[in-house]
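Structure record follows, encoded as structure tokens.
Number of protein chains: 4
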Amino acid sequence: MASKLTKSIAIIAGAGPGTGASIARRFAQTYPVVLLARRASSLDPLVEQITQAGGTAIGIPADVTQPGAMESTMQQLERQYGRDHFTVAAAVFNVASKFSRSAFLDSGEEFLASLEATARGASNFSKAVLPFLLRAVEEGPQGQLPPTLVFTGATASLKGGSGLGSFAMSKFAVRALAQSLAREFGPKGVHVAHAIIDGIIATEQTKEYLADKPDAKIDPDWIAEAYWFLHSQPRSSFTHELDLRPYCETW
Amino acid sequence: MASKLTKSIAIIAGAGPGTGASIARRFAQTYPVVLLARRASSLDPLVEQITQAGGTAIGIPADVTQPGAMESTMQQLERQYGRDHFTVAAAVFNVASKFSRSAFLDSGEEFLASLEATARGASNFSKAVLPFLLRAVEEGPQGQLPPTLVFTGATASLKGGSGLGSFAMSKFAVRALAQSLAREFGPKGVHVAHAIIDGIIATEQTKEYLADKPDAKIDPDWIAEAYWFLHSQPRSSFTHELDLRPYCETW
Amino acid sequence: MASKLTKSIAIIAGAGPGTGASIARRFAQTYPVVLLARRASSLDPLVEQITQAGGTAIGIPADVTQPGAMESTMQQLERQYGRDHFTVAAAVFNVASKFSRSAFLDSGEEFLASLEATARGASNFSKAVLPFLLRAVEEGPQGQLPPTLVFTGATASLKGGSGLGSFAMSKFAVRALAQSLAREFGPKGVHVAHAIIDGIIATEQTKEYLADKPDAKIDPDWIAEAYWFLHSQPRSSFTHELDLRPYCETW
Amino acid sequence: MASKLTKSIAIIAGAGPGTGASIARRFAQTYPVVLLARRASSLDPLVEQITQAGGTAIGIPADVTQPGAMESTMQQLERQYGRDHFTVAAAVFNVASKFSRSAFLDSGEEFLASLEATARGASNFSKAVLPFLLRAVEEGPQGQLPPTLVFTGATASLKGGSGLGSFAMSKFAVRALAQSLAREFGPKGVHVAHAIIDGIIATEQTKEYLADKPDAKIDPDWIAEAYWFLHSQPRSSFTHELDLRPYCETW
């Protein structure tokens, strides 16, 4: 049964500047948001920005690829909201996989580091949030949106590339996880989705790139809108996968 | 340059009861809608319903699989709005392919009829509306949403099935067209998208099916919301393909 | 029961110069081959070449996209071998879809001509040969290879392209048919396969193209070997789909 | 330049009973084979069997998922054949990923163990053999077959499943690696391929399963034939991916 005291939150891993910040701001229009990133310095300005806009945000520095990081995060939330007094309405795994293009035979230990960190992060995060997403199915308020878990993918989620083995392995693996969780938790009422971001995202770091061609980079606020759209879908009509690319992208 | 006199319309082929009607009602919240279906009898109640809700709708009986049907439709619209005085903001090809499961060797002439009708319909419709979608790119009002062409697909868009050759050929072919048009007209500013409807749609005809399991059929209003979401995307962030299925669907 | 008098043949539609001829020569090492092409002039030299090499070949001019062409072909074979006295060990649909790249809005009636001819051809051919492939399952000699139906696909079987809608629709549709027939007739013992030819084929017509780069075009004899390999597989281990491309092809 | 003293070998990781043994026997018809498996006890009978059949085989117990295992394997081969005196004609990564179906939230540390071991194994193996495959391109004898690297995949290479996240992540990641290596090393003349084994393989362990239905399990000798077929292809006509399934498999 829904309790009036139950708090529904959104939690975003990879809430640094760019896509993560856009997603955080979008979900903060409806939910208190919990923001995870490796460095507190990425979180503080975002928490402040959301707070000033009238939202509620908590930043928790956490490296989700490390064992224990998600457990201690969830414990901190239980202290914050009271054990059994919160559910997760939406969880987004937006942690970047390390992108590098390098000749396979020149690569060293780092070749698998990206895969292992990404896979571990995605798995740790999913294990930590799914019990709270399931609790939202059981105890959520009447009329709530189905609890949602979204993974951020990339072009390389669908296609390997010369020198891109490490990145593609990461992204293929996350897609495999997203599909497997969708097939396991969908029937339990949790909406699991995967977004293929097929293009350069417009961020501070990419602002020189294609600077003279308007709209040639993906607006991170529209990645956030797409994730919100996914969250808004009722359980009769779940989208598992969608792609996003600029109008002028070659594909 | 945008002219104050230019009218932006939405046009839906396959605007019969069910999905087509939901799409029509959704787009009628913003645009005058032009509804195409083979029989006037499917159109009249929908036109009336939209009109009573404060929208504007025109029903044109047209079999888009027939040569000339779309030309005469567009000419009728030019008489209605004035030549060069309207653009198409959104066009939806929602004409059903005939679904039948039958042993291949027992099938007759009808085996290819579905493919040919669907392919011809999708092609005729696209040829007729694309000049007006391109005109919307050129002449549309400031701040308009990118003109959008959406095709309705199905499970069989991705996967053939025993006894389903005719239907799958239709659906694969439409997907090929959608991809080809997206790659040709995307760079010109037209958003071409394809939706994979993977499940039974909740309509009058399917109401007995899974009657005891709530939300086990796709809500057509949420197909319409998905199409509207596609239309709402700015050109920096086009989704070409998304799927839609009930939470409990096996896939 | 296998009859000593039953003849096992191979039949190739699209047996013109290039890939079709290579396939014909390969299968003629084991079976009498029946060669279909629109023009007798493409068939005569090939029949002679196979005969001189010690094989048996019959050329039948036939446009498989035309109604009745396959029926009259099969009747001719019944006259030749005696009704109920032959089975089809292998059938290959290698009829080229018309390839053209053209702006969608500039295309005319021919836009759908390719799709309709290809789909009709593939369907007519399959309907005509499948009863004889099934008969081979029932009546074939001990130890024969499973009867096999192979369709030639292309890059555009998987991916639409700007200006390629007509060709891609054809190729997607054939792939849908191949998948559907595999799922229907595989369990009955017929091996249905689809080959994605992803690159330029080395033929008389393409000899100027990449002339200075050895092996940059697909050797049609190796398409033939791939088809023979498919035919050689026992029913425990059917390959439904494989791709073929030059080592230096970008994909 | 090819040296008469250069030895061309085949090397198979995962050469235990079943598929690995079949592949080893098939390639031993042409090359000395180097067999890797975790336990010497799996290797000894196979080495003896190949030797008695007139082939040459070396078994090297090695856990390719462990750092250093492949380096010491390759050093052992250099001692055996002489530094710079051997090339790898064919390398097969057939190491099984641990298959388990378990509820995601009940899984522990082992959830990622499969992925990490498989990814590490596939990456270690590829890094160790590719220099010798490239050397085969440079120094191989006239008329040799293009050096080939084949990865064994599964149904779960293409599709996640409820409770199968761990296995699917492994298999998706290997496919990503295979695609990336194909795109990097194909243009250098190395044939990189990926086989999707979609069904139960007929082995000692599976002999009770479907025991009453002949040919319902994949014959491992025909997996081996498929790998040999891949190896036999000239560089004008490389197959990157093929599937293999019993005629009666649902897919």
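Protein sequence lines correspond, in order, to chains S, E, W and D.
Here the numbering used here is used: the first residue of the first sequence is 1, the next is one more, and so on.
Here the numbering used here is used: the first residue of the second sequence is 1, the next is one more, and so on.
Here the numbering used here is used: the first residue of the third sequence is 1, the next is one more, and so on.
Here the numbering used here is used: the first residue of the fourth sequence is 1, the next is one more, and so on.
We put the beta carbon where it would ideally sit given N, CA and C, even for glycine.
Source: prediction; values computed, not measured.
Residue-level contact to chain D via CB, residue i, 7 Å cutoff
{"i": "W:T87", "result": "no"}
{"i": "S:M169", "result": "yes"}
{"i": "W:H240", "result": "yes"}
{"i": "W:Y247", "result": "yes"}
{"i": "W:L149", "result": "no"}
{"i": "W:P187", "result": "yes"}
{"i": "S:S100", "result": "no"}
Proximity test, Cβ basis, 7 Å: residue i and chain E
{"i": "W:R120", "result": "yes"}
{"i": "W:L115", "result": "yes"}
{"i": "S:I218", "result": "yes"}
{"i": "W:S123", "result": "yes"}
{"i": "S:L158", "result": "no"}
Environment of residue i [buried if 16+ CB atoms lie within 10 Å]
{"i": "D:G186", "result": "buried"}
{"i": "E:T65", "result": "buried"}
{"i": "S:R264", "result": "The requested residue 264 of chain S is not part of the displayed model; chain S covers only 1 to 251."}
{"i": "D:F99", "result": "exposed"}
{"i": "E:Y31", "result": "buried"}
{"i": "D:S97", "result": "buried"}
{"i": "E:P67", "result": "exposed"}
{"i": "E:R39", "result": "exposed"}
{"i": "E:E241", "result": "buried"}
{"i": "S:S72", "result": "exposed"}
{"i": "E:R235", "result": "buried"}
{"i": "W:E249", "result": "buried"}
{"i": "D:P45", "result": "exposed"}
{"i": "S:G143", "result": "exposed"}
Chain S within 7 Å of residue i, Cβ atoms only
{"i": "D:F111", "result": "yes"}
{"i": "D:G163", "result": "yes"}
{"i": "E:W228", "result": "no"}
{"i": "E:D280", "result": "There is no way to answer for residue 280 of chain E, as the model of chain E reaches only from 1 to 251."}
Neighbourhood of residue i by C-beta, 6 Å cutoff - its chain only, sequence neighbours within 5 removed
{"i": "W:L130", "result": "none"}
{"i": "W:T56", "result": "P32"}
{"i": "W:L154", "result": "Strictly speaking, residue 154 of chain W in this sequence is Ala, with Leu absent from that position. Cβ within range, chain order: K171, I197."}
{"i": "D:V47", "result": "A57, G59"}
{"i": "S:L177", "result": "A122"}
{"i": "D:S166", "result": "F111, S114"}
{"i": "D:G160", "result": "A168"}
{"i": "W:A224", "result": "S22, I23, R26"}
Neighbour flag for residue i against chain W, beta carbons, 7 Å
{"i": "E:A2", "result": "Residue placement at E:A2 is poorly supported in this model, since its pLDDT is 42, which falls under 50; the coordinates still yield a value, given next. By this cut-off, E:A2 is not an interface position."}
{"i": "E:S237", "result": "no"}
Run of the beta strand (DSSP E) containing residue i, from where it starts to where it stops
{"i": "S:E241", "result": "241 to 244"}
{"i": "S:T7", "result": "According to the sequence provided, residue 7 of chain S is Lys. The question's Thr does not apply to it. Start and end: 7 to 13."}
{"i": "S:F93", "result": "86 to 93"}
{"i": "W:L149", "result": "148 to 154"}
{"i": "S:P61", "result": "57 to 61"}
{"i": "W:L35", "result": "33 to 37"}
{"i": "W:A173", "result": "Unbroken run through W:A173 is the alpha helix (DSSP H), 165 to 185; no beta strand (DSSP E)."}
{"i": "E:V192", "result": "191 to 197"}
Where the alpha helix (DSSP H) containing residue i begins and where it ends
{"i": "W:A224", "result": "220 to 232"}
{"i": "D:P45", "result": "40 to 52"}
{"i": "W:V64", "result": "Careful: W:V64 lies outside any alpha helix (DSSP H) and carries neither H nor E."}
{"i": "D:I23", "result": "19 to 28"}
Close Cβ partners of residue i (< 8 Å) along its chain, the five nearest in sequence each way excluded
{"i": "W:S12", "result": "With the sequence shown as reference, residue 12 of chain W is identified as Ile, and Ser is not the correct amino acid for it. Within the same chain, W:I12 has close Cβ partners G20, I23, A24, F27, V33, V34, L35, L36, A91, V92, N94."}
{"i": "S:L210", "result": "I200, A216, K217"}
7 Å CB neighbourhood of residue i in its chain, flanking five on each side removed
{"i": "W:G16", "result": "A37, S42"}
{"i": "E:R101", "result": "G163, L164"}
{"i": "W:F51", "result": "According to the sequence as given, residue 51 of chain W is Thr; it is not Phe. Hits under 7 Å: A57."}
{"i": "S:P246", "result": "G199, D215, A216, K217, I218"}
Beta-carbon neighbours of residue i, restricted to chain B and to distances below 7 Å
{"i": "D:E184", "result": "Although the question refers to chain B, the structure presented lacks it and instead comprises the protein chains S, E, W and D."}
(message) Tell me which residues of the region 170 to 182 of chain S have at least one Cβ-Cβ distance to chain D shorter than 9 Å, keeping chain order.
(response) If you check each beta-carbon in the region 170 to 182 of chain S against every beta-carbon of chain D, the ones closer than 9 Å belong to S170, K171, F172, A173, V174, R175, A176, L177, A178, Q179, S180, L181, A182.
(request) Quick one: which residues of the region 129 to 146 of chain D get their C-beta closer than 9 Å to a C-beta of chain S? List them in chain order. (result) If the cut-off is 9 Å between Cβ atoms, the region 129 to 146 of chain D has L130, P131, L134 near chain S.
(message) Give me the subset of the region 199 to 216 of chain S whose CB atoms are less than 9 Å from a CB atom of chain E, sorted by chain position.
(response) For the region 199 to 216 of chain S, the set of residues with a beta-carbon nearer than 9 Å to any beta-carbon of chain E comprises G199, A202, P214, D215, A216, in chain order.
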